[in-house]
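Chemist: Submitted below is the structure of interest, expressed as structure tokens.
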Amino acid sequence: MSWLIFAILLDFGFVQICKFSQRQGYYAPVVVSTNYLVLCAVLAVYLLATGRFAFSAAALQTGLVTGAVFIGSMSLMMRALEIASVGAVLTAFRISIAVPVALGILLWQEPVVPSKFGGIILAFPALLLMTSGAGRNVRQTGGKTFGLLFAVFLAQGLSHSCLRSVHYAGLDGEFVQVLTVMGATAGTIGYIFIAARMRRPRRPELSAGIGLGTYNALALSVIMIALSRLPGTLFFPATGCSVILLDNLSAHFFWKERLNRLSAAGVGLAVLAVALVL
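If you want the working numbering, it's the position in the sequence shown, counting the first as 1, plus 11.
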């Protein structure tokens, strides 16, 4: 359970670093793509230093697929933020934990303890309520927007599921190799996207990406260890609710963003959901 707590705290820290970067007006594709390449470099140095710089075919394949899914999910989310409200995009992003939870039950037969099932169910309305107050300025509505939001939901859910699949592919002992390939793949695709848009990276954006990638190398490693020891049916609802709960509290007390009544109700519901799941 300690690994779950470490994963939650590190994931929360990642969200806060991203929020700081956004508030500085940094171009997200540069920060995120640099983050992935630095993550790859940090983990590659670790593998070289420990004499483990060897990649099995399964680790290469899983890393390539995961990297492509990760950068695709990020691109979809950025596109969605251009045409839909921040709240709608965040809601689609957060409830995407339903995908790895469902796959865990249906595909990998992960256990769901009845006493914890109530917490899993409560997690979804809690996430909906906590994201309800973010960005009410809906720029566009209709079938196209709904389709894009559904794509964000599905892509982010598949990103989570790719990380979960490492355990069931028997790659727990090679998760560092998987993350190294994932970082190289996502970072390379991201910079191809940046080059296509003819956007020149700025030094502050690169610095932010370097810091984020170094941090992310630790955060993702802890998450992978937690996933190797805990069922996804516990891990994803617990982290999803806990991180956005901490984020809402941080927004209120640190970033001075006032919570509306629905968000406050969601915070209370999230506390109950996490208590039941844990």
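Idealized CB from N, CA, C, for every residue including glycine.
1. If you run the structure through DSSP and keep just helix, strand and coil, what is Asn271?
2. When you compare the CB positions of Leu48 and Thr156, do they come within less than 9 Å of one another, or not?
3. DSSP three-state label for Ala65, please.
4. Run the CB neighbour count on Met209, radius 10 Å, all protein chains shown included, and call it buried at 16 or more, exposed below.
5. According to DSSP, is Tyr37 helix, strand or coil?
6. Which value, in whole angstroms, describes the spacing of the CA atoms of Gly220 and Ile82?
7. Suppose contacts are defined by Cβ-Cβ distances below 9 Å. Is Leu160 in contact with Ala91 by that definition?
8. Kindly indicate which residue of Ile16, Ile116, Ser232 and Pro122 has the alpha-carbon position closest to the one of Met193.
9. Would you mind working out which of Arg211, Arg240 and Val43 sits nearest Met89, comparing C-alpha positions?
10. Mind listing, in chain order, the continuous beta strand (DSSP E) runs of no fewer than 3 residues lying wholly within the region 192-249?
11. Using the beta-carbon count (16 or more within 10 Å), is Arg105 buried or exposed?
12. Please return the same chain residues whose Cβ sits closer than 6 Å to the Cβ of Thr45, not counting the five positions on each side in sequence.
13. Just how far apart, CA to CA, sit Tyr37 and Cys51?
Modeler: In this structure, then:
1. Reading the sequence shown from its first residue, position 260 is the one you call residue 271. DSSP places Asn271 in coil when its eight states are reduced to three.
2. Taking the sequence shown and counting its residues from 1, the one referred to as residue 48 is at position 37. Taking the sequence shown and counting its residues from 1, the one referred to as residue 156 is at position 145. In this structure, Leu48 lies away from Thr156, with their beta-carbon atoms at least 9 Å apart.
3. As a working note, residue 65 is residue 54 in the sequence shown. Three-state DSSP puts Ala65 in coil, outside helix and strand.
4. To locate residue 209, count along the sequence shown from 1; it is residue 198. Exposed, by the Cβ-count rule.
5. On the sequence shown, position 26 is the one that residue 37 refers to. Coil at Tyr37, not helix or strand.
6. As a position in the sequence shown, residue 220 is number 209, starting the count at 1. As a position in the sequence shown, residue 82 is number 71, starting the count at 1. Whole-angstrom Cα-Cα distance: 15 Å.
7. The count along the sequence shown starts at 1 and reaches residue 160 at position 149. The count along the sequence shown starts at 1 and reaches residue 91 at position 80. For Leu160 and Ala91, yes; Cβs fall inside 9 Å.
8. Translated into positions along the sequence shown, residue 193 becomes position 182. Minimum Cα distance to Met193 is reached at Ser232.
9. Residue mapping note: residue 89 aligns to position 78 of the sequence shown, counting from 1. Ranking Arg211, Arg240 and Val43 by Cα distance to Met89 puts Val43 first.
10. none
11. The residue given as residue 105 occupies position 94 in the sequence shown. By the 10 Å Cβ count, Arg105 comes out buried.
12. Translated into positions along the sequence shown, residue 45 becomes position 34. Counting only Cβ-Cβ distances below 6 Å, and skipping sequence neighbours, we find Leu217 and Gly220.
13. As a first step, residue 37 must be located in the sequence shown, where it is residue number 26. As a first step, residue 51 must be located in the sequence shown, where it is residue number 40. The alpha-carbon atoms of Tyr37 and Cys51 are separated by roughly 21 Å.
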